[in-house]
Each structure stands twice: as structure tokens, then as C-alpha cells.
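Here the structure is laid out as C-alpha cells; the discussion comes afterwards.
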Amino acid sequence: MNAEALKGHLDMLLLAAIDGRPAHGYAIAERLRAQSGGVFGLPEGTLYPALHRLERARWLSSRWSAVGGRRRRVYQLTAKGQRALAARQREWRDFARAVFAVVEGS
Amino acid sequence: MTRIDRYLRRLRQELAKRGVFEARIVDETRDHLADAVEEGLRQGQSVDEAERDALARFGAPELVAAAVPRQGGRPLHHLVVGLSGLTIAAIAWLTLSLVILAPPRANYSQWFVVAALLFVHCALTLAAVAAHWGWARKPVIVSALLMLAMSAWWGYQTMAQAHFEGFRLVLTSLVAVQGALTLVSIRIRSIQ
Chain A
10 MNAEALKGHL DMLLLAAIDG RPAHGYAIAE RLRAQSGGVF GLPEGTLYPA LHRLERARWL
70 SSRWSAVGGR RRRVYQLTAK GQRALAARQR EWRDFARAVF AVVEGS
Chain B
176 MTRIDRYLRR LRQELAKRGV FEARIVDETR DHLADAVEEG LRQGQSVDEA ERDALARFGA
236 PELVAAAVPR QGGRPLHHLV VGLSGLTIAA IAWLTLSLVI LAPPRANYSQ WFVVAALLFV
296 HCALTLAAVA AHWGWARKPV IVSALLMLAM SAWWGYQTMA QAHFEGFRLV LTSLVAVQGA
356 LTLVSIRIRS IQ
């Protein structure tokens, strides 16, 4: 899937990848790749500006932490981020259901 | 310098072009690439292959920097660059005048110290702000702080003198303004 198609959904994907499992950037990129079966092929470097933007919106918080003997910036969802994720998941389900109904109905 | 180091240097330059001087994204990039290379090596790749793959997946520095919001302060950057250029030209002109005219009452040693400090500071400022050379950023912060301290001391001395020296006060103020503007211009702005 190309990067443009993903852009509109990137926030939700990142929030979902971190939900309940705080992670550093590389692990988040790995999760997105693994959970999508390799379909999401965003340049990994573009995840960081997105993570910083979500942190600025207070949907994520982050801290430096030692992971595997190395210092890593670990991201986790805030309460506000969890509410935002739940809202986007609802919107996405409604949207997907509507698209599916139209496409399958035609 | 390794391929990863070259990439990080280019990323810093691209970020600086957008007014972003914050080291966090560069630190995270370094960590990310180290993980990716390590993973490649675990899968049997050579160091060269692992680095190439890691960088290809990460994306070109221009692409990554373009995803970072451009930070404000561009007019201030232009002002600082212009002031630094003007100051260097003024130092050259005044020094040349001193050497050619050789006024007997001139305080040569004081002037050459001031001129050298100002020249180094302005050259570092141009390197950090105009040429986006990351290495110059810390030295320019130090020299700006030095200029502020110097101007405070001169200001104190000028005000303590029995007779008022307007020219000296103006020069002191200019040094202070130049130092403060530089500090504000290359301020650390957290992307968070």
C-alpha cells in the first residue's frame, strides 16, 4: 500500500500499535509491518514526526528508557490518546461497514 | 565516517533547513538504524547490506525532514545572518582603518581582542544558521553567552565611569543584542 493511502489513517494505526504496549519507534515500525502482513510500507523515518505530533497533541507520552541495554525513547498512550483511539476505531468501523455494504451490494 | 553517520549528518542538515535544531529525532533515528542493522546482521546480512537495507526502509533524509513541521523564526534567522555579515564587514573596515591611519591614541590591544571575538562569533553564527553546520551550534551558543557576559561587564564599566562614553555604550549594546539574537535564533525547540 502506498504512503499516500496510509497518511489519513496513520494516527489511528500508530495509536493502535502502541495501545496497551508501550514501545520505541523501531518496535512500532515492526508491529505495523508484522500486523499488516507487510502491506504497510511507509518509510520508517516518517513515523517519528508523526509520533512527535501525537505527543504534542497529548495523545502519547514518551520517556527515555533502557531497552535491551540501549537507551530508547518509549511511547505510550495517554488517557486522552485512548479516547481518541476509541473514537477513531468507531469511525473506521462505521466507514468500513458502509463501504463494504456499497461495494458488496453493487 | 560510516554510511549511517553520513545519513545522520544529512538529516541534521535537512532539519536545520527547516529551522529544526532539535537532537531528539536524530537520536531516535540513530537508535532505530542501529536496531535495523542489528536485525539484518542476525538474519545473515553483511554489515554493508544491513546498513543499505536499514537506510532504504527508513527513507531519504529529505523525505523524513519534510514530514517534520517547519519551525518558526525564519525572519529572525535572516536578521541574524544579515547582522553577522554586516559585523564581519564592519570589523574588517575598522581594523583596516586602524592599521592604515594608525591613530596614536587608539587602544589597539583592546580592539584586536574585541574584533577577534566578534569575528569568531559571527563566523560561527553564519556556519550554524546560514550553512546549517550542526557542529557549530554548541560553540556559537558558548560564544553568544560570552558576548552577553562581556557586554554586561563593559556596560557596568561604562556606567561606573565618571565621564559618559556614548560610543562605548552603543558598541556594548550592539554586542549584547547580537549575542541575544543569536541565542534566540538557534534556540532549542522541542518537537515533543
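In the order they appear, the protein sequences are chains A and B.
Each number in the working numbering comes from the position in the first sequence (counting from 1) with 9 added on.
Each number in the working numbering comes from the position in the second sequence (counting from 1) with 175 added on.
Virtual Cβ for every residue (Gly too), placed ideally from N, Cα, C.
Could you work out which residues of chain B lie near residue i, taking near to mean beta carbons separated by less than 7 Å?
i, result
"G34(A)", "E203, H207"
"R81(A)", "D206"
"E53(A)", "H207, R232, F233, G234"
For my contact list, residue i and residue j are in at a C-beta cut-off of 8 Å; report their separation, rounded to the angstrom.
i, j, result
"V243(B)", "I179(B)", "The Cβ separation is near 19 Å, so there is no contact."
"G215(B)", "H252(B)", "39 Å between Cβ atoms; not a contact."
"V317(B)", "T300(B)", "About 12 Å separates the two Cβ atoms, so there is no contact after all."
"Q353(B)", "M334(B)", "20 Å between Cβ atoms; not a contact."
"R156(B)", "P236(B)", "As shown, chain B starts at 176 and ends at 367. That puts residue 156(B) outside it, with no answer to give."
"A229(B)", "E189(B)", "A229(B) to E189(B), Cβ: 18 Å. No contact."
"R232(B)", "E100(A)", "So it is not a contact: roughly 30 Å between Cβ atoms."
Can you grab the Cα-Cα spacing for the pair residue i / residue j, in whole Å?
i, j, result
"S272(B)", "D206(B)", "53 Å"
"A267(B)", "S284(B)", "16 Å"
"M176(B)", "G77(A)", "26 Å"
"A66(A)", "V111(A)", "35 Å"
"V359(B)", "L63(A)", "26 Å"
"G17(A)", "F109(A)", "19 Å"
"D210(B)", "G29(A)", "22 Å"
"L208(B)", "E226(B)", "8 Å"
"F287(B)", "S74(A)", "49 Å"
"Y84(A)", "A191(B)", "25 Å"
"G257(B)", "A298(B)", "12 Å"
"I275(B)", "M325(B)", "28 Å"
"Y182(B)", "L56(A)", "17 Å"
"A38(A)", "L254(B)", "41 Å"
"F49(A)", "S348(B)", "56 Å"
"Q98(A)", "M21(A)", "7 Å"
"P278(B)", "S259(B)", "27 Å"
"R102(A)", "G234(B)", "31 Å"
"A337(B)", "L261(B)", "32 Å"
"A88(A)", "W68(A)", "7 Å"
"V345(B)", "R245(B)", "35 Å"
"E224(B)", "Q218(B)", "11 Å"
"S365(B)", "R106(A)", "Reliability of the predicted coordinates at S365(B) is poor, the pLDDT of 32 falling under 50, and the value obtained from them is presented with this limitation in mind. S365(B) and R106(A): Cα-Cα distance of roughly 40 Å."
"L86(A)", "Y35(A)", "17 Å"
Could you work out which residues of chain A lie near residue i, taking near to mean beta carbons separated by less than 8 Å?
i, result
"I200(B)", "Y57, P58, H61"
"A335(B)", "Within 8 Å Cβ-Cβ: nothing; A335(B) doesn't reach chain A, min ~47 Å."
Run through chain A and tell me which residues come within less than 7 Å of residue i, C-beta to C-beta.
i, result
"V243(B)", "P58"
Please identify, using Cβ separations under 7 Å, the residues of the region 211 to 238 of chain B that lie next to chain A, in order along the chain. A211, R232, F233, G234, L238
So if I threshold CB-CB distances at 7 Å, which residues from the region 184 to 197 of chain B count as touching chain A? none
Counting only runs of 4+ residues fully inside the region 179 to 266 of chain B, write out the alpha helix (DSSP H) ranges in chain order. 199 to 217, 222 to 233, 236 to 241
Just to confirm the assignment: which complete alpha helix (DSSP H) runs, minimum length 4, are found wholly within the region 30 to 91 of chain A? 34 to 44, 56 to 65
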